[in-house]
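There are 2 protein chains.
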Amino acid sequence: MNLSVAEENYIKSIYKLEEGQESVTTTGLAYELDTKPASVTDMAKKLRDKKLIDYEKYQGISLTADGKKAALHIIRRHRLWECFLVDKLSFSWEEVHEIAEELEHIRSEKLINRLSDFLGNPTIDPHGDPIPDAQGRLGKQRTQISLDQARTKRLEVTAVSDKSNALLEFLTAKGIRLGTHLEVIERYEFDNSIEIKIRNQPAFTISEQVSKNIMVRPV
Amino acid sequence: MNLSVAEENYIKSIYKLEEGQESVTTTGLAYELDTKPASVTDMAKKLRDKKLIDYEKYQGISLTADGKKAALHIIRRHRLWECFLVDKLSFSWEEVHEIAEELEHIRSEKLINRLSDFLGNPTIDPHGDPIPDAQGRLGKQRTQISLDQARTKRLEVTAVSDKSNALLEFLTAKGIRLGTHLEVIERYEFDNSIEIKIRNQPAFTISEQVSKNIMVRPV
DNA sequence: GAAATTATTTAGATTTGTCTAACTTTTATT
DNA sequence: AATAAAAGTTAGACAAATCTAAATAATTTC
Ligand SMILES: [Mn+2]
Ligand SMILES: [Mn+2]
Ligand SMILES: [Mn+2]
Ligand SMILES: [Mn+2]
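Keeping their order, the protein sequence lines are chains A and B.
Taken in order, the first sequence gives residues 1 to 219; the numbers are from the UniProt record's numbering.
Taken in order, the second sequence gives residues 1 to 219; the numbers are from the UniProt record's numbering.
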C-alpha cells in the first residue's frame, strides 16, 4: 500500500484521536488537521476504498487493522526522526515536531531501520512517547497518569501529552524535562492549580491546563 | 521563495544539464526528468513567472541568478543527506541517490546547517561531487579530468559522473572507490578501452563508457 | 528551397487535494 | 413532538502536476 503524504497525515491523526478515546468525527478530524469538514468527508471515502478505515456517512470514522498498522509505521518514523534531531543534531524538544512532520513521509524501510540502529533502537521519543518497533508493535508502556490526577507526592515526569511550542517552551523555562523529579507541595481546589517543587529550587504553581498535560509516575 | 517538490526537481535538473554545457531543451529536460515535453513546457511557464528561469517559447531554458542560487541550495541538501546516509547509516554509494532525492526537499535551513555541522562540514559527497556551503557557494574544485582523457599513468579517482546503480555497482565490484590509486597499463585504440591496475592486484580492462565516467587527477 | 522530419507548444482531460455554499441528517432544546 | 442548532455531506469549482493528441515551428535532408 503506497500512501500519499496527505493520506498518511490523515491516518496518523485518526490514530491520535482514537487513542484519546474520542470517537473520531468529521469536524474533530478537520480541526486536528487544520482543514475543512468537506475535505475530510472526501478523504474518508478514499481511505475507506483503500480499506484503511471503516466509514459510513454520518457514522464517524475508525481505523481498520490495516489502517492501524499503517499508522504505527508512520508514528515510528516520526518519533525516530525526532530522536535523531534531539540526540544527534541538538534540537530542543519544541523544535522537532514540525520537522519530523515532513521527515516521517520519506519512504524507505531500510532507511528507518538503519536510523533506528544508529540511534541505539530507542523506545521512547523526546516527548516521552513510545516508539513502535519495525513490525509496528508497541512495547507495553510504563503506567503513567497525568499530574493533575496523581495522588502521591513524589513523582517523575515520563511524558508530555501536548506537543505545542507554547507548552514545551513553558516547561523548559520552568526546568521541567523528561525524567525530572518533582514534589507536590499543595493542591488548590479552587482552580485545581498545583504547587510543585523541583529539587532544592523554590516552589512554584502551575495551572490545571499544564498539569493535565504532564504525565508522571510515582517514584 | 517557497518551491514545490516538482519545481525543485526541475530546477535541479536544469542546473545539471547547464553544468554539462548542453543547452537545455524541452525534450532533453523531459528525458532527464522522465516526463513528457508537454509537461516541461507547462512547468517552464511557471518557473519563468517565478523568475527562476529565462524562457521564451522555442528558445530553450536557462536558469536566472535566482534559479542558480535555488539549485545550489537543493544540491547542498541532496549531497549532505548522501553523506549522512553513507557515513552514519553505512549505506553504499549506489543506494543513497534515490533516498536523497526525497530528503533534499525537507525545508528547514536550521536542519541542514545542523546536519552539515554534525557531519563535520564535508565538502564532497560520496560520489566525489562538491557540496555548496550555506550561502550556496562552491569551493574551487580540484582539477580533475575523465579517465579516458588522462595522459599520465598514475592516477587517483576523485569522482564519478554517472550515478546509476549499474555503474556504481560495477565499480564497487572492481574495487574502484573514491581515492583509489590506479595505474594505466595500456590504452587500446580500437575501442578506446583501457587496461588498468590497482595496487598489486591483477590488471583488468574497462570500456570507454566506464572510463568516461571516472574522474581522476594525476598523482 | 521545398519537403520531410524533429522539436515544441497548445488544447483539452485527468488525478489529487482542497475549498465554499447549499443541502441534508442528526442532535439538542423547548 | 416540533423546532432550532449543530454536524456532516454533496455539488461544483479550483490549483498543481501530469498526460495524449493535435497543431505549429524549427531544422534537416534532398
Ligand atoms: Mn506529516
Ligand atoms: Mn514526539
Ligand atoms: Mn528530488
Ligand atoms: Mn551524489
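Heads up, the beta-carbon is just placed ideally off N, CA and C, and yes, glycines get one too.
Proximity of the beta carbon of H97 (chain B) to ligand 4 is indicated: a heavy atom of the ligand is located closer than 7 Å. In this structure, the alpha-carbon of E208 (chain B) lies about 17 Å from that of T172 (chain B).
Around the Cβ of I185 (chain A), a 10 Å sphere holds fewer than 16 other Cβ atoms; the residue is exposed.
In this structure, the alpha-carbon of S92 (chain B) lies about 26 Å from that of S90 (chain A).
Boundaries of the beta strand (DSSP E) harbouring E195 (chain B): 193–198, taken from the DSSP string.
In chain order, I99 make up the part of chain B whose C-beta sits under 7 Å from the C-beta of S108 (chain A). Within chain A, the C-beta atoms nearer than 7 Å to that of L103 (chain B) come from I106, in chain order. Chain B places no beta carbon closer than 8 Å to that of R76 (chain A), leaving this residue out of the contacts. When the alpha-carbon of K174 (chain B) is set against those of B:I131, B:Q201, B:I106, the nearest one is in B:Q201. Ligand 3 never approaches E32 (chain A) closely enough for any of its heavy atoms to be under 7 Å from the residue's Cβ. With the criterion CB distance below 6 Å from any heavy atom of ligand 1, the matching residues run A:N9, A:E101, A:E104, A:H105 along the chain. Scanning chain B for C-beta atoms nearer than 7 Å to the C-beta of L115 (chain A) yields L89, reported in chain order. Taking C-beta atoms as the reference points, I99 (chain A) and L147 (chain A) fail to come closer than 8 Å. Annotation for D117 (chain B): the continuous alpha helix (DSSP H) segment containing it runs 109–118.
With its beta carbon less than 8 Å from one in chain A, L111 (chain B) belongs to the interface. If you compare the alpha carbons of A:R76, A:K88, A:I53, A:E82 with that of N113 (chain A), the shortest gap goes to A:R76.
Here the C-alpha atom of R217 (chain A) lies approximately 38 Å from the C-alpha atom of E109 (chain B). Judged by DSSP secondary structure, T158 (chain A) falls outside any alpha helix (DSSP H) and instead within the beta strand (DSSP E) spanning 154–160.
In the three-state reduction of the DSSP assignment, R76 (chain A) falls in the helix class. For E82 (chain B), the distance from the CB to the nearest heavy atom of ligand 4 is below 7 Å.
A straight line joining the alpha-carbon of Q141 (chain A) with that of K212 (chain B) spans about 57 Å. The residues I74, R77, H78, in chain order, have a CB closer than 6 Å to that of E104 (chain A) in the same chain once the five nearest residues on each side in sequence are set aside.
Taking 8 Å as the threshold, the shortest C-beta distance from F170 (chain B) to chain A does not fall below it. The beta carbons of L119 (chain A) and D162 (chain A) sit about 24 Å from each other, so the pair does not count as a contact at 8 Å.
Within the chosen limit of 7 Å, ligand 2 reaches the beta carbon of D129 (chain A) through at least one heavy atom.
Rounded to whole angstroms, L167 (chain A) and I176 (chain A) show a C-alpha spacing of 11 Å. Under the 8 Å Cβ criterion, the segment 51–64 of chain B counts as touching the segment 14–23 of chain B, having at least three qualifying pairs.
When 8 Å is used as the limit between beta carbons, F118 (chain A) is near these residues of chain B: K88, L89, in chain order.
Per DSSP, L63 (chain B) is not a residue of any alpha helix (DSSP H); the beta strand (DSSP E) it occupies stretches across 61–63. The DSSP-derived three-state label of M43 (chain A) is helix.
Y10 (chain B): member of the alpha helix (DSSP H) spanning 5–19, first to last residue. Using a Cβ distance threshold of 8 Å, I198 (chain B) and I206 (chain B) do not count as a contacting pair. Secondary structure of P130 (chain A) (DSSP, three-state): strand.
Bounds of any beta strand (DSSP E) do not take in L138 (chain A), whose DSSP letter is neither H nor E.
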